[in-house]
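Enquirer: Those protein sequence lines, which keep their order, are chains A and B.
Residues in the first sequence are numbered from 1 upward in steps of one, following the numbering used here.
Residues in the second sequence are numbered from 1001 upward in steps of one, following the numbering used here.
One structure, as structure tokens, below. Some questions next.
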Amino acid sequence: MKQARIAVFLLLVAGACTSYSHTEKAGTQLAFGTNVAKKGLWREAAFRYEQAVTKEPNNARAHNNLAVALEANGDFARALAEYKRALELDPNNNYIRRNYARFAEFYTSYTKTTGKAAGAP
Amino acid sequence: MSRRAVALAVAAAILFATPAWAGVDQVHLRLPLKPKLPLRGNERIALAPFILVTEADKARDKRLANVDLQAEFHRFLKKQLEKKTKFEVIETPADVKLPTQNLTELAKAQEFWASVGASTTAEIIVSGSLEFKIEDRSGYKSEEYVSPIDGRTYYRQVYVEQTGFLFDIVFLVLDGRTGEKLLQDEFKDFRQASKRSVDELQGLFENLFSLENQILNTFVARDREAERYIFTD
């Protein structure tokens, strides 16, 4: 009986650990980031997307979202790098391609008139 | 296959198909554009005369004679700066004449600009060059049409008349104390109307309104609207 109780306790602890790691998953961060991004909280969204990228460095969707958030915060030089990484990871994704094309159009005219990228060293 | 196996297969299909269905949302961004000049925001700005590149064309195109480009542009710029910035806008005295009609030399006329700055007490002086052109374009163009008789697609030649308005502004921003050039920038806009005899002043202001954001961005932060896609999971 005592062994059964210990087994149940260990199972509960393991379950708690599993659910904790679940909230730390890239997908969760991505979903949370998108939720706040839709409310216009782009700094918080960028932080969440950074977390998602750290968890899953090869997740093209996370890189794309991070690029959008950086763009919204005016960090265009980093946004460019993130768009490029997203496209590198998923070159056939039409949404990423469209985002990148629109950003590239904006960024080209922006750097042309300012002489250098904002946020660039 | 048992019911349980079918249920498991459906559950597995949903689970594994999710990444392919990954949700996408379109979001609306307002991209922050930093001002091109690092200013405090409350400087005294003097609007000096601009070189008029179109003077020679006036004799050829009578419609340009109706447009006082210098006055219209000054009025527009003064109004925009007063309305959308906190600068103190000063008009230079009417007797201030540009020392040259060459833009490169004008940018280098440091002594002249320093004297304008001293007489107007302006910290920043704006000058440059203005070019406004009306371009009529007419000719035949081929277009597709579907015949109502046999329903087939044919090509036909149609005569098209268009009027285009070209506005090219070169901005020179100068330091009122030293007369040094702080920035030189060019703004260009071309508008096309699908008929002839469109009013020239109307064309001029259409050009100016489309350049408004870019012009103001020289001095103050502006934003630009954009649409992007984000993934929801």
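C-beta atoms are modelled at their ideal positions from N, C-alpha and C, and glycine is treated no differently.
1. Restricting to Cα atoms, I'd like to know which of 93/A, 68/A, 28/A is closest to residue 56/A.
2. Mind checking if residue 1226/B is an interface residue toward chain A, Cβ cutoff 8 Å exclusive?
3. Where are the alpha helix (DSSP H) runs, 4 residues long or more, that stay fully inside the region 1082-1153 of chain B, in chain order?
4. Tell me where the beta strand (DSSP E) around residue 25/A begins and ends.
5. Label residue 1082/B either buried or exposed according to how many other C-beta atoms from any shown protein chain fall within 10 Å of its C-beta, with 16 as the threshold for buried.
6. Do we get a CB-CB distance below 8 Å when we pair residue 1182/B with the residues of chain A?
7. So what's residue 1079/B in DSSP terms, helix, strand or just coil?
8. Assuming the contact rule is C-beta atoms closer than 8 Å, residue 1204/B and residue 1067/B should be a hit. Round their C-beta distance to whole Å, please.
9. Measuring straight from C-alpha to C-alpha, what distance separates residue 1193/B and residue 1207/B?
10. Can a CB atom of chain A be found closer than 8 Å to the CB of residue 1049/B?
11. Let me make sure I understand the geometry here. Which of 1038/B, 1135/B, 1129/B, 1085/B has the alpha-carbon closest to that of residue 1048/B?
12. Between which residues of its own chain and residue 1217/B is the CB-CB distance below 8 Å, once the five residues before and five after are set aside?
13. Return the chain-ordered list of same chain residues with a C-beta closer than 6 Å to the C-beta of residue 105/A, the five sequence neighbours on each side being excluded.
14. Measure from the C-beta of residue 1229/B to each C-beta in chain A and report whether the shortest distance is under 8 Å.
15. Taking residue 1234/B as the reference, which of 1109/B, 1039/B, 1118/B, 1090/B has the closest Cα?
16. If you follow the beta strand (DSSP E) that residue 1187/B is in, where does it begin and where does it stop?
17. Taking 8 Å as the cut-off, decide whether the C-beta atoms of residue 1169/B and residue 1103/B are in contact.
18. Taking 8 Å as the threshold (beta carbon to beta carbon), is residue 1031/B in contact with chain A?
19. Quick one: what's got a C-beta closer than 6 Å to residue 1086/B's C-beta in the same chain, skipping five residues either side?
20. Determine, using beta carbons only, whether residue 1175/B comes closer than 8 Å to chain A.
21. Are residue 1231/B and residue 30/A close, meaning C-beta to C-beta below 8 Å?
22. Measuring only the C-alpha atoms, how far is residue 101/A from residue 1121/B?
23. Once you ignore the five residues that flank residue 133/A on each side, which residues in its own chain have a CB closer than 7 Å to its CB?
24. Please classify residue 1225/B as buried or exposed, where buried requires at least 16 other C-beta atoms within 10 Å of its C-beta.
25. In terms of residues, what are the limits of the beta strand (DSSP E) holding residue 1046/B?
26. Enumerate in chain order the residues of its own chain whose CB-to-CB distance from residue 44/A is below 6 Å, with the five nearest sequence positions on each side excluded.
Expert: Inspection of the coordinates gives the following:
1. Position 56 of the first sequence, counted from the start, is the residue given in the question as residue 56/A. Comparing Cα positions, the closest option is 28/A.
2. Along the second sequence, read from residue 1 onward, the residue named residue 1226/B stands at position 226. Yes, residue 1226/B counts as interfacial toward chain A.
3. 1103-1108, 1110-1120
4. Here residue 25/A refers to the residue found at position 25 of the first sequence. Here residue 25/A belongs to no beta strand (DSSP E), and DSSP marks it neither H nor E.
5. Numbered from 1 along the second sequence, position 82 holds the residue referred to as residue 1082/B. Under this definition residue 1082/B is an exposed residue.
6. For the purposes of this step, residue 1182/B is taken as residue 182 along the second sequence, with counting starting at 1. Judged by the 8 Å Cβ criterion, residue 1182/B is not in contact with chain A.
7. Here residue 1079/B is taken as the residue at index 79 of the second sequence, counted from 1. It is helical.
8. For the purposes of this step, residue 1204/B is identified with residue 204 of the second sequence, where counting begins at 1. For the purposes of this step, residue 1067/B is identified with residue 67 of the second sequence, where counting begins at 1. So it is a contact: roughly 6 Å between Cβ atoms.
9. Residue numbering aside, residue 1193/B sits at position 193 when the second sequence is read from its first letter. Residue numbering aside, residue 1207/B sits at position 207 when the second sequence is read from its first letter. Distance between the alpha carbons of residue 1193/B and residue 1207/B: 12 Å.
10. Residue mapping note: residue 1049/B aligns to position 49 of the second sequence, counting from 1. Output row for residue 1049/B: interface = no.
11. Locating residue 1048/B in the second sequence gives position 48, counting from the first residue. Ranking the options by Cα distance to residue 1048/B, first place goes to 1129/B.
12. If you number the second sequence from 1, residue 1217/B lands on position 217. Same-chain partners within the cutoff: 1033, 1035, 1036.
13. Counting from 1 along the first sequence, the entry for residue 105/A is found at position 105. Hits under 6 Å: none found.
14. In the second sequence, residue 1229/B corresponds to position 229, counting from 1. Chain A contact via Cβ: present.
15. Here chain B covers residues 1001 to 1233 and nothing more, so residue 1234/B does not appear.
16. Numbered from 1 along the second sequence, position 187 holds the residue referred to as residue 1187/B. Taken as a continuous stretch (DSSP letters only), the beta strand (DSSP E) holding residue 1187/B covers 1181-1193.
17. As a first step, residue 1169/B must be located in the second sequence, where it is residue number 169. As a first step, residue 1103/B must be located in the second sequence, where it is residue number 103. Contact: no.
18. For the purposes of this step, residue 1031/B is taken as residue 31 along the second sequence, with counting starting at 1. Output row for residue 1031/B: interface = yes.
19. Looking up residue 1086/B in the second sequence gives position 86. Around residue 1086/B: 1041, 1042.
20. Numbered from 1 along the second sequence, position 175 holds the residue referred to as residue 1175/B. Answer no: the Cβ-Cβ gap between residue 1175/B and chain A never drops below 8 Å.
21. Indexing the second sequence from 1 puts residue 1231/B at position 231. Indexing the first sequence from 1 puts residue 30/A at position 30. Taking 8 Å as the Cβ cut-off, residue 1231/B and residue 30/A qualify as a contacting pair.
22. Translated into the one-based positions of the first sequence, residue 101/A becomes position 101. Translated into the one-based positions of the second sequence, residue 1121/B becomes position 121. Their Cα atoms are separated by approximately 46 Å.
23. Shown here, chain A extends from 1 to 121; a query on residue 133/A therefore has no answer.
24. For the purposes of this step, residue 1225/B is identified with residue 225 of the second sequence, where counting begins at 1. So residue 1225/B ends up on the exposed side.
25. On the second sequence, position 46 is the one that residue 1046/B refers to. Per DSSP, residue 1046/B belongs to the beta strand (DSSP E) from 1044-1052.
26. Taking the first sequence and counting its residues from 1, one reaches residue 44/A at position 44. Within the same chain, residue 44/A has close Cβ partners 36.
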